[in-house]
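The sequence shown begins at 128 in this note's numbering and counts up by one.
Here a beta-carbon is modelled for each residue, glycine too, at the ideal position from N, C-alpha and C.
These notes are about the structure you will find just below.
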Amino acid sequence: MRELARPRFAIIGATGAVGRQLLRLIESRQVPIELASLAASERSAGNGLHFRGAPHRVQALDTLDFSGIDIAFFSAGSSVSREHARRAAAQGALVIDNTNAFRMEADTPLVVPQVNASALAQRPASGIVANPDCSTIAVVRLLQPVHAVSALRSVIACTYQAASGAGLTGLQELEQSSREVLDGLPAGAEPIHNRFAAPLGFNAVPHIDVMLPDGFTLEEQKMRQEARKILGLPALHVSATCVRVPVRNCHSAAVYVRCTHPLSVAQLATLWRESPEVQVYESGAFPTPRELGSSDLVHVGRIRVDPEDGCAFWFWVVSDNLLVGAALNAVQIVEKLVQDRAFDRWSAQAERAAA
Ligand SMILES: NC(=O)c1ccc[n+]([C@@H]2O[C@H](COP(=O)([O-])OP(=O)(O)OC[C@H]3O[C@@H](n4cnc5c(N)ncnc54)[C@H](OP(=O)(O)O)[C@@H]3O)[C@@H](O)[C@H]2O)c1
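This is how it looks when you write it as structure tokens:
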């Protein structure tokens, strides 16, 4: 097969919380791809970002031509993806979409490389690979090895999601909201809650994303639908309550799982210790988001078998929503494609089809 030049990439939303992590990871992991463009809204056009020691200007997305771009990481919100991702794919870029825009589309694989990398075998018909919801990624990475030895029957998840899940403005709002409580609000002022459904400082807000007619939120629906799609278990019973908590970074979840066969704490710990990029906490130790701060691993602790049902157990999982839940997963999708020489294969196929 003809050796092609290294794939060229663009980041849409390069100035955001996830976009900045994408750029940093591609650099630090020495992913063999070349920067073509960094794009954001018109507000950031002309601003500078550094990559591999060189300054790069951010351009407005509206002016970005995707021809000549092999990989377009979209990380600028669902509405931006809905408006521009299909245009990018039509111009030849493989879109890796961090938003909710296409995750449940039949022609778009929803990929966690440690779980369902086989979904990347063919170039997707849509030209888009979807990156799953940030809490769902960590949970399915722990569920899959369990299902391999004892089939999953039901999964109940309660999430405790950090402010950075709402981007850089979410982080700023957590700080301001906390200060309002500590310093006291000026007379007549209303507590701030633009990014969250209620003021987040010193609070817990059980409402992430929009409320749906059935009383669940979209975030809760994502966990149910996406877990089923990624695990390839369309009938799996999954239910969730998703709560925003005044944590800066790293999402946590308490998850209750029922399987077909009993599993001991020791068996679960062994399964997860042998899983890629998972850190298991035993003997009463547990991960917390504040202590993790930032991490490339899925951290699991508080593993307990239900004393009233030997086929059921709880675990507590903490993972970095900006990395494991977003940028790292997207980068690992690309690393897998590069490792499999998918871009070379797909170009050769396209050339053959055009000849
Ligand atoms: N944060 C997380 O933990 C996480 C996890 C998984 C998935 N995601 C998803 O990833 C996406 C980005 O999240 P984030 O946390 O990085 O948000 P963020 O910090 O608010 O960053 C948003 C980015 O999108 C850009 N943008 C906004 N409107 C735009 C427009 N009309 N045209 C072009 N660019 C535009 C912003 O550019 P400016 O700087 O110019 O405004 C910025 O670069 C969201 O869809 C989010 O749901 C986030």
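Measuring only the C-alpha atoms, how far is methionine 350 from alanine 482? 44 Å
Compute the Euclidean distance between the alpha carbons of glutamate 347 and serine 474, then round it to the nearest angstrom. 39 Å
Opposite glycine 175 in the DSSP bridges: which residues? Arg184
Any alpha helix (DSSP H) of 4 or more consecutive residues that is wholly inside the region 406-430: 416-419
Can at least three beta-carbon pairs, one atom from the region 433-445 and one from the region 456-465, be found at a separation below 8 Å? no
Which one or two residues does DSSP pair with phenylalanine 136 in a beta bridge? Leu162, Ile198
Would aspartate 447 and cysteine 386 be called neighbours here (beta carbons separated by less than 7 Å)? no
When the Cα of glutamine 218 is compared with those of Gly254, Thr397, Arg371, Ala166, which residue comes out closest? Gly254
Between arginine 170 and ligand 1, is the CB less than 6 Å from at least one heavy atom? yes
Whose CA, out of Cys261, Ile160, Glu210, lies closest to the CA of valine 145? Cys261
Among Pro272, Glu300, Glu210, Asn225, nearest to valine 242 - alpha-carbon criterion: Pro272
Beta strand (DSSP E) segments (min. 3 residues) lying fully within the region 269-324: 279-288
For leucine 152 and aspartate 423, I'd like the C-alpha separation in whole angstroms. 10 Å
Give the straight-line distance between the Cα atoms of aspartate 244 and serine 202, rounded to the nearest whole angstrom. First, the residue type needs correcting, since residue 244 is alanine and not aspartate in the sequence shown. Those two C-alpha atoms are separated by around 21 Å.
In whole angstroms, what is the alpha-carbon distance linking histidine 364 and valine 282? 6 Å
Taking just the CA atoms, how far does serine 291 sit from valine 370? 13 Å
Proline 361, buried or exposed, once every other Cβ within 10 Å from all chains shown has been counted against 16: exposed
Among Glu154, Ala393, Pro403, Leu449, which residue has its Cα nearest to the Cα of arginine 429? Ala393
Quick one, are the C-beta atoms of alanine 396 and valine 384 less than 7 Å apart? no
Within 10 Å of its beta-carbon, does glutamine 288 have 16 or more other beta-carbons around it, so buried, or fewer, so exposed? buried
Integer Cβ distance of isoleucine 319 from glutamate 307, believed to fall under 8 Å: 7 Å
Under a three-way DSSP split, which group does phenylalanine 193 fall into? coil
Are alanine 141 and valine 207 touching if we call contact CB-CB under 7 Å? no
Among Ala215, Ala453, Leu449, whose alpha-carbon lies nearest the alpha-carbon of leucine 191? Ala215
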